[in-house]
Amino acid sequence: MSSLRFLTAGESHGPRLTAILEGLPAGLALDLSRIDRDLARRQQGYGRGGRMKIEKDHVEVLSGVRFGETLGGPITLSVENRDFKNWTDRMAPFGEPAGEPVTAARPGHADLTGYKKYARKDIRDILERSSARETTMRVAVGGVCKEFLRALGVSVVSHVTKIGGVAIDPAKVDVTKILGTDAPLDPDGLNCYDAEAEERMKARIREAMAAGDTLGGTFEVIARGLPLGLGSHIQWDRRLDARLAGAMMSIQAIKGVEIGAGFEYAEKPGSAMHDEMYIEDTHVYRKTNNAGGLEGGMTNGEPVIVRAVMKPIPTLMQPLHSVDVAKKEPVLACKERSDACAVSAASVVGEAMVAFVLAQAIVEKFGGDAMTDVKAAIAAYDERVEKDW
Ligand code: EPS
42 MSSLRFLTAG ESHGPRLTAI LEGLPAGLAL DLSRIDRDLA RRQQGYGRGG
92 RMKIEKDHVE VLSGVRFGET LGGPITLSVE NRDFKNWTDR MAPFGEPAGE
142 PVTAARPGHA DLTGYKKYAR KDIRDILERS SARETTMRVA VGGVCKEFLR
192 ALGVSVVSHV TKIGGVAIDP AKVDVTKILG TDAPLDPDGL NCYDAEAEER
242 MKARIREAMA AGDTLGGTFE VIARGLPLGL GSHIQWDRRL DARLAGAMMS
292 IQAIKGVEIG AGFEYAEKPG SAMHDEMYIE DTHVYRKTNN AGGLEGGMTN
342 GEPVIVRAVM KPIPTLMQPL HSVDVAKKEP VLACKERSDA CAVSAASVVG
392 EAMVAFVLAQ AIVEKFGGDA MTDVKAAIAA YDERVEKDW
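Offset between the sequence shown (1-based) and the numbering used here: plus 41.
Here it is, written out as structure tokens:
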């Protein structure tokens with residue numbers, strides 16, 4: 042069993058979303074306003090649908106925290122679904138549902154397989170839980186983990202690198218200036234740091250919306266300030282790159298993950314790709330970071346870089362050919378209110394999942410009872426690995 046773990050609960054149009062995070066040390070001061078800020082960042086982005094005008098996500102802490110400090114016990118986090126009041130006739134835990142069941146499955150969605158697997162009569166029973174509304178709780182959990190990392194001098198930020206085929210020019214983006222939680226809020230922002238590319242991404246999203254279509258894209262998460270040696274080469278399930286990739290792939294609609302130069306390793310020889318090492322006194326450094334901060338499944342002291350690709354959202358206003366699961370006949374897929382593009386939201390969720398995995402690796406290596414013990418253990422270890430190896 043992992044020392045730091047979490048579960049989420051809740052349906053997209055149910056009354057509430059909840060998460061329990063267990064295993065963080067006692068004595069961590071939490072700033073709720075920063076967690077709410079990440080929740081607000083997750084809600085914004087050009088191309089999001091009407092739902093985001095209804096919700097105003099705010100985290101409530103129901104256990105594990107007393108007067109602003111963690112106690113070491115399970116932390117219960119909860120966010121209200123404001124939209125529930127419009128859905129009580131279809132989403133109440135008891136009674137009879139109003140209206141017709143959803144039966145037109147969407148290609149690319151959990152609809153059809155979930156309907157068969159769970160022996161349901163209404164696709165809504167599947168889509169309510171598979172919905173990316175659940176990522177609200179990932180961001181709340183990740184926000185608490187970010188507070189832990191911040192107290193240890195670790196930052197986690199993200200930026201969008203491509204939407205619908207429109208890519209940033211990497212030369213125009215200074216990744217050391219990416220702000221993460223501290224970035225100014227902008228409901229139409231895309232968490233993109235190439236302003237010219239961002240405008241073209243928005244134009245592309247407008248075109249997709251006009252055509253009743255949706256767009257995916259890629260984003261990058263960067264973590265700095267990590268101790269060397271998180272994760273391990275010793276066993277497959279302790280390799281940190283594997284854990285990061287798994288956590289990232291667990292985000293709804295993510296179809297691919299790469300670490301550092303990732304798929305570019307297929308293009309060039311080892312001489313062009315591996316990060317050469319240099320030494321000054323006892324300090325080893327590199328001039329490149331193609332490895333994305335991970336060698337042998339362990340952090341090597343360079344920034345950790347994880348990228349992911351999100352598929353276009355399966356709910357199309359110009360629906361695709363599909364099947365009616367009740368009548369077992371051809372139909373056009375159902376169209377519910379949805380987003381045309383949610384890549385910037387996914388980038389904030391990516392930050393949260395990376396923050397969770399890194400916090401978990403730190404707790405595993407340095408202990409998780411008291412914050413002072415964790416800090417002392419990291420300081421002693423950092424001193425040893427820098428000077429005496
Ligand atoms: C989603 C459909 C839309 C999105 C939703 C995810 O919601 P609704 O069906 O209420 O219009 O807005 O995302 C969120 C609610 C959120 O908070 O991100 C889906 O089917 O996955």
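Cβ atoms here follow ideal geometry from the backbone N, Cα and C, with glycine treated the same way.
Rounded separation between residue i and residue j - CA only
i, j, result
"L231", "D79", "14 Å"
"V106", "I116", "7 Å"
"G86", "V384", "8 Å"
"G287", "K157", "26 Å"
"I292", "R161", "24 Å"
"M250", "W277", "43 Å"
"V143", "A151", "13 Å"
"G266", "D210", "26 Å"
"G342", "G51", "38 Å"
"L271", "R191", "16 Å"
"T340", "F260", "21 Å"
"I354", "G257", "7 Å"
"D235", "K213", "6 Å"
"A133", "R327", "57 Å"
"V216", "G301", "13 Å"
"A139", "T129", "9 Å"
"Q401", "E141", "44 Å"
"K382", "L357", "The sequence shown places Cys at residue 382, not Lys. Their Cα atoms are separated by approximately 11 Å."
"E110", "L103", "13 Å"
"I346", "A307", "18 Å"
"L112", "S44", "15 Å"
Any non-hydrogen atom of the ligand EPS within 7 Å of residue i CB
i, result
"G90", "yes"
"H99", "no"
"R378", "yes"
"L361", "no"
"M242", "no"
"D124", "yes"
"R174", "yes"
"L168", "yes"
"A387", "no"
"S199", "no"
"E121", "no"
"E52", "no"
"M394", "no"
"E96", "yes"
"T154", "no"
"T111", "no"
"T177", "yes"
"M412", "no"
"T255", "no"
"T49", "no"
"T129", "no"
"M132", "no"
Cut-off 7 Å between Cβ atoms - residues of its own chain near residue i, not counting five sequence neighbours on either side
i, result
"A418", "F407, G408"
"R46", "E63, G64"
"G303", "R348"
"D124", "H54, R92, I95, E96"
Close beta carbons around residue i, own chain, < 8 Å, minus the five adjacent residues each side
i, result
"V415", "P66, L193, I403, V404, F407, G408, G409"
"H324", "E427"
"D100", "For the sequence presented, residue 100 should be read as Val rather than Asp. So the qualifying residues of the chain are L73, I76, D77, L80, L118, S119, V120, A181, G184."
"D227", "Q85"
"E175", "T49, G51, S53, L58, Q293"
Nearest to residue i (by Cα), restricted to the options the options
i, options, result
"M95", "E101, S104, A81, L103", "Reading off the sequence, residue 95 comes out as Ile, not Met. It is A81 whose Cα lies nearest to the Cα of I95."
"G333", "F397, A307, A264, A400", "A264"
"K187", "I300, L69, D229", "L69"
"G311", "I300, N331, I320, L48", "N331"
"A367", "P138, A60, L153", "L153"
"N442", "Y159, A173, P56, V197", "There is no way to answer for residue 442, as the model of the chain reaches only from 42 to 430."
"S273", "L399, K296, A313", "L399"
"A224", "R83, M412, I61, C382", "R83"
"V197", "I204, A208, K203, T222", "T222"
"A244", "Y319, L357, I204", "I204"
"G90", "W430, T413, M242, A386", "A386"
"E370", "P268, G109, A145", "A145"
"I61", "A411, D429, T413, F397", "F397"
Contact under 8 Å by Cβ, residue i with residue j
i, j, result
"K352", "A421", "no"
"L58", "V120", "yes"
"E392", "S199", "yes"
"R280", "G338", "yes"
"G88", "I246", "yes"
"V395", "V195", "no"
"S172", "G155", "no"
"R147", "S363", "yes"
Residues near residue i by beta carbon distance below 6 Å, same chain, minus five either side
i, result
"G184", "I76, D79"
"H360", "Sequence check: residue 360 is Pro here, not His. Closer than 6 Å at Cβ, skipping near neighbours: L373, A374, K376."
"T177", "L58, D98, V120"
Residue-level contact to chain D via CB, residue i, 8 Å cutoff
i, result
"K328", "Note that chain D does not occur in the displayed structure, where there is just one protein chain."
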